[in-house]
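Undergrad:
Number of protein chains: 2
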Amino acid sequence: LNDRPAPASGEKLFYLPIHDVEECFKGERLLVVTDERLAELFGRSFSGSKLLVVPEGERAKSWHSLSSLFDDFVRLGVDRSWNLLALGGGSVSDLAGFAAHLWMRGISFSCAPTTLLAMVDASLGGKNGVDFRGYKNALGSFQRPECIFCDVSALSSLDPVQFASGLAEAVKHAVIDGESYFSFLESLLAEGGGAGAFSHPRCGAESLKRLVTESQRIKLAIVDADPFEKGRRRVLNLGHSFGHALELETGLPHGFSVSLGMALALRYALRGGLIEDDERSRILRLLAGFGLPVDLSLLADGALRARVSASLFMDKKREGATMNFVLPRGIGHVETARIPVEALRSFLEEAWK
Amino acid sequence: LNDRPAPASGEKLFYLPIHDVEECFKGERLLVVTDERLAELFGRSFSGSKLLVVPEGERAKSWHSLSSLFDDFVRLGVDRSWNLLALGGGSVSDLAGFAAHLWMRGISFSCAPTTLLAMVDASLGGKNGVDFRGYKNALGSFQRPECIFCDVSALSSLDPVQFASGLAEAVKHAVIDGESYFSFLESLLAEGGGAGAFSHPRCGAESLKRLVTESQRIKLAIVDADPFEKGRRRVLNLGHSFGHALELETGLPHGFSVSLGMALALRYALRGGLIEDDERSRILRLLAGFGLPVDLSLLADGALRARVSASLFMDKKREGATMNFVLPRGIGHVETARIPVEALRSFLEEAWK
């Protein structure tokens, strides 16, 4: 790790057991931020480091958690010679990466993602942050981690819901990237025993490794070309405008909300004649095959719809009366467009019945 | 302002009356962050904008102020289409720039500095942040403003102490840059009526304009070459390690603390045979001529010395047992070196009597 690149130049990927990560920081100060469950599971692998425990899940991403972390930094005397490692899912790395970026204008930060979602998506690309007064990721920055340590075998400790949540981002990557990765994901369904019956213990180690590395490759290529999301990187928000609103209002897991968000974006594109119906169906079948929800009638509740509709107005992608919205036009064909928020709202009224 | 550069590419400088700044944002949403005194002085010049008032001076730079600003952003529905303008001194721009950088991962940010210190130094280069639990600038980031609006004539509203405080940074720039700017500053002393008698109403408008623009040129050239302070930019911290510790413990104005910090750094360099005594004396004479303190016996107090010494350990420039320390070796000859914190502490014991 001695010749670490400048943070702006992108994260280095390592594939090794979690137990071997501490060794990579030998001779340096290491501070591990993790949650309670993971501290119990993996704490012994970081016996030479300081451990800080934050709340599990989205609750980690609060102004209060951030303030508590800084209190701990003061207590421990953390300075720029320290390395911070986020051990956990996307919530842990979003919080810890944000804290590392701000403390003393930036200390070294790396991730050991323990969920599929974090490994293929959240830990990569440097978006970090916390929620504020109910606004998801209202505060945050772009600061890419130095190293990502991936223990693919540790993913088997995931429950099926968490695993499926990560698959939603993999499908998103495939829709953006194109046929080759998309049909690979479809082949996993057969491997897993057919649509609806897919679950991760049935996904072989080789397939899992390929899924992780391909998704990482796709995401990093996009991020490298546009690190601050001024243009092309926006396509990675496919399904996320509706998705974030749903996540916020329903508490559904991130990937489930993104899956529903993609379903909505697909329907929006279909209505505008921007995608063929069979392409759309093929994407929906893959999502559903992975056990992800695609049918909003699950959530048929007028009050909920009104809240989701309102929270679209709080989305970061909104600028004044329009929003940068990601349009899926086919597998390997995703675009962004500025769409009036009102058009999205009235679509929601009509589509969500 | 329509073709604003990406924030990473450096700030654009404009010289115009404060009253004309609002016009530059015509047709856009403008949010002005300022303090109470300035809101009274200049509020009418921003009648078409939202005004947010923060505490005066260093008290603005607190975790609490930051949280309050974000509450205001929520209340006003601030999104990425808004522009934030810091109207004030370095404390206001440090706080507002930090808030702008974090809100929705970054909204447009510009400065209208109202002090000499902010105009020649604090508002330039993108260092922002707040204090945390007594650590000065413990939290912050590098994010350069888009535009700096300089109303040089408004500096005449400064009290002499604030003006002298800014001159300390100008002297620092001159020591870094070399003979030409340094002797220009010396010539101001004659213009002002001789050493010790200098004050800003005696500094002619032309001289003041040259002082502002030369200091800006020197600082921006250094920042452009090393925006994230990985190397050469560190020389801009001349006098700031001791200076921040003094500022924190005594409450002296920033420039006064930096002046004493430079005096200490000069003595440290002299003791190590790194600077000629007549070069050192010439720098001290200029500082003193501008009404800045250079004699630590003013602060001869054992308890204070112990606190200043302790707070060196909390400086961001410390990494483990050493610190990046800036050594003045002559006019136009400034270097950085890694020096053991203990060596600086024992020097302080010996030097400060």
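So the sequences go chain by chain: A and B. Residues are numbered in the numbering used here as their position in the first sequence, beginning at 1, plus a constant of 3. Residues are numbered in the numbering used here as their position in the second sequence, beginning at 1, plus a constant of 3. The beta-carbon is built from N, C-alpha and C at its ideal position, and this holds for glycine as well.
Go ahead and label residue 18(A) buried or exposed: buried means 16 or more other beta carbons lie within 10 angstroms of its beta carbon, across all protein chains shown.
TA: exposed
Undergrad: For the region 138-152 of chain A and the region 178-195 of chain A, state whether three or more C-beta atom pairs, one from each stretch, are separated by less than 8 Å.
TA: no
Undergrad: Taking a Cβ distance cut-off of 8 Å, strictly less, list which residues of the region 101-123 of chain B are near chain A, in chain order.
TA: 104, 105, 106, 107, 108, 109
Undergrad: Would you say residue 33(A) and residue 48(A) are within 7 Å of each other, going by their C-beta atoms?
TA: no
Undergrad: Taking residue 145(A) as the reference, give the member of 126(A), 161(A), 136(A) with the closest Cα.
TA: 126(A)
Undergrad: Can you give me, in chain order, the residues of the region 218-250 of chain A that have a beta carbon less than 9 Å from any beta carbon in chain B?
TA: Of all residues in the region 218-250 of chain A, 231, 232, 233 have a Cβ within less than 9 Å of some Cβ in chain B.
Undergrad: Identify the contact partners of residue 319(B) in chain A, using a Cβ-Cβ distance below 8 Å as the criterion.
TA: 82, 83, 107, 108
Undergrad: Would you please state the rounded distance, in angstroms, between the beta carbons of residue 266(B) and residue 311(B)? I believe it to be under 8 Å.
TA: Actually they are not in contact, since the Cβ atoms of residue 266(B) and residue 311(B) sit about 13 Å apart, beyond 8 Å.
Undergrad: In chain order, what residues of the same chain lie with their CB nearer than 6 Å to the CB of residue 254(B), ignoring the 5 residues before and after it?
TA: So no residue of the chain qualifies.
Undergrad: Mind checking who residue 322(A) pairs with in its DSSP beta bridge?
TA: 325(A)
Undergrad: What do you get for residue 300(B), buried or exposed, if any count of 16 or more other CB atoms within 10 angstroms of its CB means buried?
TA: exposed
Undergrad: Within its chain, find whatever has a CB closer than 6 Å to the CB of residue 273(A); leave out the 5 residues flanking it on each side and keep chain order.
TA: Result list for residue 273(A): 283, in chain order.
Undergrad: Tell me, please, whether the CB atom of residue 147(A) is closer than 7 Å to any CB atom in chain B?
TA: no
Undergrad: Please say whether residue 24(A) and residue 115(A) have beta carbons closer to each other than 7 Å?
TA: Cβ atoms of residue 115(A) and residue 24(A): closer than 7 Å.
Undergrad: Flag this pair as yes or no: are the beta carbons of residue 211(A) and residue 292(A) separated by less than 7 Å?
TA: no
Undergrad: Can you name the start and end residues of the beta strand (DSSP E) that residue 111(A) belongs to?
TA: 111-116
Undergrad: Do residue 337(A) and residue 241(A) come within 7 Å of each other at the CB atom, strictly closer than that value?
TA: yes
Undergrad: Taking residue 31(A) and residue 86(A) to be in contact with their CB atoms under 8 Å, please state how far apart those CB atoms are, rounded to whole angstroms.
TA: 6 Å
Undergrad: Measuring alpha carbon to alpha carbon, tell me which of 128(B), 54(B), 39(B), 108(B) ends up nearest residue 232(B).
TA: Closest by alpha carbon: 128(B).
Undergrad: Using 8 Å as the Cβ pair cut-off and three pairs as the minimum, do the region 155-171 of chain A and the region 316-329 of chain A touch?
TA: no
Undergrad: Give me the chain B residues within the contact set of residue 138(A), using Cβ-Cβ distance strictly less than 8 Å, ordered along the chain.
TA: 77
Undergrad: Counting C-beta neighbours from all protein chains within 10 Å, is the total for residue 341(A) 16 or more, i.e. buried, or is it exposed?
TA: exposed
Undergrad: Quick one: is residue 142(A) near chain B, going by C-beta distance under 7 Å?
TA: yes
Undergrad: Would you kindly work out how many angstroms separate the C-alpha atoms of residue 68(A) and residue 110(A), rounded to a whole number?
TA: 18 Å
Undergrad: Which of the three DSSP states is assigned to residue 131(B) in this structure?
TA: coil
Undergrad: Just mark residue 124(A) as buried or exposed, buried being the case when its beta carbon has 16 or more other beta carbons within 10 Å.
TA: buried
Undergrad: Under 7 Å, Cβ to Cβ, is there at least one residue of chain A near residue 323(B)?
TA: It does: the Cβ of residue 323(B) has a partner Cβ on chain A nearer than 7 Å.
Undergrad: Hey, could you find the ends of the beta strand (DSSP E) residue 85(B) is sitting in?
TA: Going by DSSP, residue 85(B) is part of the beta strand (DSSP E) stretching over 85-91.
Undergrad: State the beta-bridge partners of residue 150(B) as determined by DSSP.
TA: 15(B)
Undergrad: In chain A, which residues lie with their C-beta within 7 Å of the C-beta of residue 13(B)?
TA: Near residue 13(B) there are no residues of chain A at all, since even the closest Cβ is about 15 Å away, more than 7 Å.
Undergrad: Should residue 187(B) be flagged as near chain A, meaning a C-beta pair shorter than 7 Å?
TA: no
Undergrad: Would you say residue 157(A) and residue 117(A) are within 7 Å of each other, going by their C-beta atoms?
TA: Yes, they are a contact pair.
Undergrad: Give the interface partners of residue 70(B) over in chain A, defined as CB-CB distance under 8 Å, in chain order.
TA: 66
Undergrad: Would you tell me roughly how many angstroms separate the C-alpha atoms of residue 259(B) and residue 289(B), rounded to the nearest one?
TA: 13 Å
Undergrad: Using three-state DSSP, classify residue 106(B) as helix, strand or coil.
TA: Per DSSP, reduced to three states, the secondary structure at residue 106(B) is strand.
Undergrad: Report the residue from 72(B), 278(B), 239(B), 147(B) whose alpha carbon sits nearest the alpha carbon of residue 177(B).
TA: 239(B)
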